[in-house]
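Some notes on the structure that comes next.
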Amino acid sequence: MTFVKYGSLVLITIVIIAGLSIPLSMSPKSWLEFPLIPGLEDKARNIFFHVPTAWTAVMAFLTSTYFGIRYLRSKNLDFDLQSVSAAGLGFLFCVLATVTGALWARFNWGSFWNWDPRQTSIFILLLIYGAYFALRSAVESEEKRASLSAVYSILAGLTVPFFIFIMPRMMAGLHPGAQDDPSGKGPLFEGSMMAPNMRILFYVSLLGFTLLFIWLLQLRIRTARLEHLSQQR
Amino acid sequence: MSALVSSSLRGTYALLLKDAQSELRTRYAVNALMMFVITAAVIVQLAIRDEQPSASVLSGLFWVVIFFAAMSGLSRTFVSEEERGTSMTLQLVASSSVVYFGKLCFNIVLTLVMNAAITVLYTVIFPGFTVQTTSTFLLTVFLGSLGLASASTILAAIIAKANTKGTLYPVLAFPILIPLLMTTMRATTRALEGEPFGDAGGEYQVLVSYFMVITAGSYLLFDYVWKD
Amino acid sequence: MKLVLSNITKEFNRRPIFRDISLELDGADSLVITGKNGAGKSTLVKIISGVLSPTRGTVEYRDEQAVLTPDEVRGKIGLVSPYLQLYDEFSAMENLLYLSRIRANSMPIEEESERLLRQFSLWEKRHDYVRTFSSGMKQRLKFVFALLHRPHVLLLDEPTSNLDSEGIKVVQQVVEQQKRHGILIVATNVESEAVWCNKRLHLGGV
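So, in structure tokens, the structure goes:
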């Protein structure tokens, strides 16, 4: 656990420092220069923070559903506690991803919200988290609450493939990698649009946020367990 | 094995008949549904007046009314059993799968009736609501009703066990139903604009697979919801 | 048929209602479950009938060929409980008819329902809506519903609540019949009912 804790802190610190301080240059010559993309300029740095938060929000949803399934199979309320801890973190990261995305969209695309497929997806993920917590607060019995919310998050998970299939056909995309993207390449971090040094920093950031999520999740689970113990006294 | 299947089928059919008979007698769901549909359609009509809304606006309004009408009526099947204490009686006489499919069939029938009524009402009061490709429209409404009924049924079973039933239902349903509604709206727009039947092929595939995925998932999960 | 409970524990909100209940009943046995309010009598009855799952432990019905769960012997269990209600908007006869159709075992119910409705003095009222019934009449109708498919296992939770002395007499007849026919389980605190049974389980809280 100490590895996860210090690992996430070190990695994210590196990302913050390097991501914000490495200069941009029209023709990068060394590893310590990022390419300057006209029209994007310093706003490109957002990718080190925005994408990993969205990634964490999705990962938290999967984690929460996974523990929900384990609860249904075992009826052990500790799994429900882990599931709801993951969902709480997921909600937080989902809000962060929405806000960082909206701010960035304001300055790059001109308005906070454009109903681009990925914006719509993150909005729906927010709605799912909202509904999940609304459902939990409406059920009194802990056992029933656990199984109902697990069932709901599985159902919500079942609709994800439809979004992936429908969204790009339904609405014009602004994110890189959308169907009508003229460059015709995949998402930013897959194609050749990102310089190798940016890509490395980007992956470091993904790893850092993943470790941060694991660390925070462990913290939340431990405090939640302690709360339950103290309530039972 | 086949004896078990046939008795399950008979049980499911008997539950459907029981619910239909109960609905005919009490009219809980139908009354709420019809009043909602009429009210909503009249409000929309008052707002639009002489404007000529585009096909996509009309199809959006069409499915908005369907969504909220479903939210006002389709939870009845489970909520009434739970409120009156008859859910235990059902648990005693029928397996979870019989209950699930019986309720699903009832909600499908109810949704089809409701959507037929909404279609007639829209055609009568909105001059602009003229379906150019009838086959696309009918198939979309039919497949959309199946998917809507399927998602509504499992969610109704969930909220029947919660405290704040009425407000929770649309909150839970909306994220689950967005892919369905997006698809039906798009296909309905095609039908209103007169695109040929085959153009909406992708939409039909989505609607059919949505219904099958949600129904299969609900069938597997229903036991955890239905049993305490 | 034999009923075997092994280490049944039920928790609500993480608090155990009862813990590790194990017992065996065979065809000749009858069991009374006693205990204070809140000790879990109704909960245990619901678990045995299969409408509630235990937090831990298993309920099994065993016969010569197989070990079955409550779900699989649904057709052989009869339950009378204050938590179980019949449909208000249907008549007594419709309730019996619809419920036995949903049950879908092919046993014809006409003769048996007439016999039971007469036994419980409801025959004259069979076409009245259940919502017009008094609570005692509803209780009698629950007995008819529970007995209609001739259950091997009859579970009675507070069987004589709301019943007049005449009704109680009929219940006694039913109990005597059931003891010859299969397993009987009664949850009650009334001593005159507890003596119907040859075994006793006292739930004392945990």
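Top line first, the protein sequences correspond to chains A, B and C.
Numbering of the first sequence is given in this note's numbering, commencing with residue 534 and proceeding in unit increments.
Numbering of the second sequence is given in this note's numbering, commencing with residue 205 and proceeding in unit increments.
Numbering of the third sequence is given in this note's numbering, commencing with residue -4 and proceeding in unit increments.
All C-beta atoms, glycine included, are put in the ideal place defined by N, C-alpha and C.
Everything numeric in this text was worked out from a predicted model, so none of it was measured.
According to DSSP, simplified to helix, strand and coil, what is residue i?
i: A/Y539; result: helix
i: C/D15; result: strand
i: C/I178; result: strand
i: B/W430; result: helix
i: A/H761; result: helix
i: B/F415; result: helix
i: B/D403; result: helix
i: C/S187; result: helix
i: B/P383; result: helix
i: C/V139; result: helix
i: C/T4; result: strand
i: C/F128; result: coil
i: A/L730; result: For the sequence presented, residue 730 of chain A should be read as Asn rather than Leu. In this structure, A/N730 counts as helix in the three-state DSSP scheme.
i: B/P374; result: helix
i: A/P650; result: helix
i: B/G332; result: coil
i: A/G724; result: With a pLDDT of 49 at A/G724, under the threshold of 50, the modelled position of this residue cannot be trusted, and the question is left open.
i: C/F115; result: coil
i: B/S469; result: As displayed, chain B neither begins before 205 nor continues past 432, which places residue 469 of chain B out of reach and without an answer.
i: C/I104; result: coil
i: B/T186; result: The question about residue 186 of chain B has no answer, for chain B in this structure spans 205 to 432.
i: B/G351; result: helix
i: A/P715; result: Confidence at A/P715 is low in this model, with a pLDDT of 48, below 50, so the placement of that residue is unreliable and no value is reported for it.
i: B/A298; result: coil
i: A/E676; result: helix
i: A/I754; result: helix
In chain C, which residues lie less than 7 Å from residue i when you measure between Cβ atoms?
i: A/E675; result: N8, R9
i: B/G277; result: Those within 7 Å of B/G277 in chain C number zero; the least Cβ separation is about 17 Å.
Listing by chain order, which chain A residues have their CB less than 8 Å from the CB of residue i?
i: B/R410; result: One detail in the question is off: residue 410 of chain B reads as Val in this sequence, not Arg. The answer, in chain order, is F695, F698, I699.
i: B/G421; result: I687, L688, L691
Taking residue i as the query, report the chain C residues whose CB atoms sit under 9 Å from its CB, ordered along the chain.
i: A/L610; result: E6, R9
DSSP has residue i in a bridge; who is on the other side?
i: A/S493; result: There is simply no residue 493 of chain A to check, as chain A begins at 534 and stops at 766 in what is shown.
i: B/I312; result: Bridge partners of B/I312: none, in fact.
i: C/E171; result: None, per the DSSP bridge assignment.
i: C/L149; result: C/G73, C/L179
i: C/R10; result: C/F7
i: C/K(-3); result: C/R57
i: C/K194; result: C/L26
i: A/P568; result: A/S558
Applying a beta-carbon distance threshold of less than 7 Å, which residues of chain B neighbour residue i?
i: C/V46; result: M292, Q295, L296
i: A/Y685; result: I362, L376
i: C/A99; result: S211, R214, G215, A218
i: A/I657; result: P379, I382
i: A/A671; result: A366, N367, T368, L372
i: A/L660; result: F378, P379
Kindly list, in the order they appear in chain B, the residues whose Cβ is closer than 8 Å to that of residue i.
i: C/Q60; result: Correct list: empty, because the minimum Cβ distance to chain B is about 16 Å.
i: C/D159; result: Near C/D159 there are no residues of chain B at all, since even the closest Cβ is about 23 Å away, more than 8 Å.
i: A/S680; result: Y428, V429
Mind pulling the chain A residues with CB within less than 7 Å of residue i?
i: C/T50; result: K608
List the residues of chain B whose Cβ lies closer than 9 Å to the Cβ of residue i, in chain order.
i: A/L668; result: I362, I363, A366, L372, V375, L376
i: A/Y664; result: Checking the sequence, you will find Ala at residue 664 of chain A rather than Tyr. What A/A664 touches in chain B: L372, V375, L376, A377, F378, P379, I380.
i: A/L480; result: Any question about residue 480 of chain A goes unanswered here, given that chain A covers just 534 to 766.
Name the chain A residues whose beta carbon is nearer than 9 Å to that of residue i?
i: B/V417; result: L691, T692, P694, F695
State yes or no: is the beta carbon of residue i nearer than 9 Å to at least one beta carbon in chain F?
i: B/R280; result: Of the chains in the structure shown, none is chain F; the protein chains are A, B and C.
Cβ pair count under 8 Å reaching 3, the region 739 to 746 of chain A against the region 55 to 66 of chain C:
no
Should the region 634 to 644 of chain A be called in touch with the region 347 to 355 of chain B, which here means at least 3 C-beta pairs below 8 Å?
no
Quick one: which unbroken alpha helix (DSSP H) runs of 4-plus residues sit fully inside the region 571 to 647 of chain A? Chain order, please.
580 to 607, 610 to 641
At 3 residues or longer, and completely inside the region 20 to 85 of chain C: list those beta strand (DSSP E) runs for me, N to C.
25 to 30, 51 to 57, 72 to 75
Could you tell me whether the region 257 to 266 of chain B touches the region 387 to 396 of chain B, using the rule of 3 or more Cβ pairs below 8 Å?
yes
If we count Cβ pairs, one from each stretch, closer than 8 Å, do we get three or more for the region 8 to 22 of chain C versus the region 30 to 44 of chain C?
yes
For the structure I just gave you, are there three or more beta carbon pairs, one from the region 140 to 149 of chain C and one from the region 82 to 100 of chain C, closer than 8 Å?
yes
Are the region 297 to 311 of chain B and the region 207 to 221 of chain B in contact at 8 Å, needing three or more beta carbon pairs?
yes
Closer than 8 Å is the cut-off here; do at least three beta carbon pairs connect the region 123 to 142 of chain C with the region 73 to 80 of chain C?
yes
Ranges of the alpha helix (DSSP H) found wholly within the region 208 to 272 of chain B, counting only runs of at least 4:
232 to 252
Are there three or more Cβ pairs, one per stretch, closer than 8 Å when the region 146 to 157 of chain C is compared with the region 115 to 125 of chain C?
no
Is there contact between the region 590 to 606 of chain A and the region 566 to 576 of chain A, where contact requires at least three CB pairs shorter than 8 Å?
no
For the 8 Å Cβ check, are there 3 or more pairs between the region 16 to 33 of chain C and the region 180 to 189 of chain C?
yes
Cβ contact check for the region -3 to 11 of chain C and the region 156 to 165 of chain C: 3 or more pairs under 8 Å:
no
Mind the definition here: the region 728 to 736 of chain A touches the region 534 to 541 of chain A only if three or more C-beta pairs lie below 8 Å; say whether that holds.
no
Pairs of beta-carbons, one from the region 312 to 319 of chain B and one from the region 358 to 376 of chain B, closer than 8 Å: are there three or more?
no
Is the region 686 to 702 of chain A touching the region 418 to 430 of chain B in the sense that three or more CB pairs, one from each, lie closer than 8 Å?
yes
Below 8 Å, how does it come out for the region 396 to 406 of chain B and the region 367 to 383 of chain B: are there three or more Cβ pairs, yes or no?
no
Cβ contact (3+ pairs, closer than 8 Å) linking the region 749 to 766 of chain A and the region 274 to 292 of chain B
no
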